[in-house]
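So the sequence shown is numbered by my numbering: it starts at 1449 and just counts up by one.
Inspection log for the structure reproduced underneath, given as structure tokens.
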Amino acid sequence: MTSQRTRDRLVTRLKEKGINNVDVLAVIRELPRHLFVDEALASRAYEDTALPIGLGQTISQPFIVARMTEVLLAGIPKKSVLEVGTGSGYQAAVLSRLVDRVFSVERIAPLLKQARERFYQLKFNNIKLKHSDGSWGWPENAPYDGIIVTCAAEQVPEELLKQLAPGGRLVIPVGGTGGQSLRVIDRNGNTFEETELDAVSFVPLLSGKI
Ligand code: SAH
């Protein structure tokens, strides 16, 4: 149930749902998503659904990962990307195959530890992790060509805009319990242009670290 055929079927489904970027599709075909969830859920890893990863958090639905990655990488330089919300590490792993360097921050220590172990075992060498509240970004490595937030913010954190390189792009779910939508914010010099995309459903961005 974690076979290549199962993965191929997922990729076919993502294409049907409108994912066009062949590089993104190739990475999803190749990556072992079943190693990013608990063993008991491995048989469901190639279904197009979000799955629990413990501590009230989820690994995002493959379609959402593909969609956000495709949108993020369209037209930006692919040197460095910051992710807020490491979770299982799957989104960071997808990005690490498509950009030179990935930085990812997570507020829940045990999730970060587990992701770190996965990256070590799977030999992902271009991902740097930090235990921190991602509302503050990761200023030491800024600016970033792309920033992707995988939890929903009530408002776009100002710090993330500051850490975006000119010509860079931020993809972030915005909204509260009333509903969220995916926003794309492009930086041109010091002006920011915002586009609203699909309705989405993410766990909330929370402040502080635990
Ligand atoms: N990208 C992850 C999705 C995990 S769910 C994956 O591929 O599995 C979103 C994650 O965001 C959760 O792990 C949650 O703890 C984290 N999160 C929420 N608020 C945060 C914050 N302020 N800073 C960093 N991480 C945060």
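C-beta atoms are modelled at their ideal positions from N, C-alpha and C, and glycine is treated no differently.
Bear in mind the structure is a predicted one, so any value in this text is a computation, not a measurement.
Rounded C-beta distance between residue i and residue j? I'm assuming under 8 Å.
{"i": "residue 1624", "j": "residue 1602", "result": "5 Å"}
{"i": "residue 1598", "j": "residue 1509", "result": "Wrong, their Cβ atoms sit about 11 Å apart, outside the cutoff."}
{"i": "residue 1471", "j": "residue 1528", "result": "At roughly 17 Å, the Cβ-Cβ gap does not stay under 8 Å, so residue 1471 and residue 1528 are not in contact."}
{"i": "residue 1612", "j": "residue 1595", "result": "6 Å"}
{"i": "residue 1477", "j": "residue 1456", "result": "7 Å"}
With burial defined as no fewer than 16 other Cβ atoms inside 10 Å of the residue's Cβ, what is the status of residue i: buried or exposed?
{"i": "residue 1481", "result": "buried"}
{"i": "residue 1658", "result": "exposed"}
{"i": "residue 1494", "result": "buried"}
{"i": "residue 1466", "result": "exposed"}
{"i": "residue 1558", "result": "exposed"}
{"i": "residue 1503", "result": "exposed"}
{"i": "residue 1621", "result": "buried"}
{"i": "residue 1474", "result": "exposed"}
{"i": "residue 1554", "result": "buried"}
{"i": "residue 1514", "result": "buried"}
Under the three-state reduction of DSSP, which class applies to residue i: helix, strand or coil?
{"i": "residue 1551", "result": "strand"}
{"i": "residue 1637", "result": "coil"}
{"i": "residue 1502", "result": "strand"}
{"i": "residue 1509", "result": "coil"}
{"i": "residue 1593", "result": "strand"}
{"i": "residue 1601", "result": "strand"}
{"i": "residue 1646", "result": "strand"}
{"i": "residue 1576", "result": "strand"}
{"i": "residue 1582", "result": "helix"}
{"i": "residue 1476", "result": "helix"}
{"i": "residue 1542", "result": "helix"}
{"i": "residue 1514", "result": "helix"}
{"i": "residue 1628", "result": "strand"}
{"i": "residue 1495", "result": "coil"}
Shorter than 8 Å from the beta carbon of residue i to some beta carbon of chain B?
{"i": "residue 1509", "result": "In the displayed structure, chain B is absent; only one protein chain is listed."}
Rounded to the nearest angstrom, what separates residue i and residue j at their Cα positions?
{"i": "residue 1628", "j": "residue 1649", "result": "6 Å"}
{"i": "residue 1655", "j": "residue 1556", "result": "11 Å"}
{"i": "residue 1483", "j": "residue 1524", "result": "29 Å"}
{"i": "residue 1566", "j": "residue 1572", "result": "8 Å"}
{"i": "residue 1463", "j": "residue 1452", "result": "17 Å"}
{"i": "residue 1541", "j": "residue 1626", "result": "31 Å"}
{"i": "residue 1600", "j": "residue 1638", "result": "24 Å"}
{"i": "residue 1549", "j": "residue 1617", "result": "16 Å"}
{"i": "residue 1560", "j": "residue 1581", "result": "12 Å"}
{"i": "residue 1491", "j": "residue 1574", "result": "28 Å"}
{"i": "residue 1488", "j": "residue 1501", "result": "11 Å"}
How about residue i and residue j: do their beta carbons lie closer than 8 Å?
{"i": "residue 1507", "j": "residue 1499", "result": "yes"}
{"i": "residue 1544", "j": "residue 1653", "result": "no"}
{"i": "residue 1643", "j": "residue 1635", "result": "no"}
{"i": "residue 1521", "j": "residue 1586", "result": "no"}
{"i": "residue 1413", "j": "residue 1563", "result": "The first residue shown for the chain is 1449 and the last is 1658, placing residue 1413 beyond what the model contains."}
{"i": "residue 1651", "j": "residue 1633", "result": "no"}
{"i": "residue 1536", "j": "residue 1485", "result": "yes"}
{"i": "residue 1519", "j": "residue 1645", "result": "yes"}
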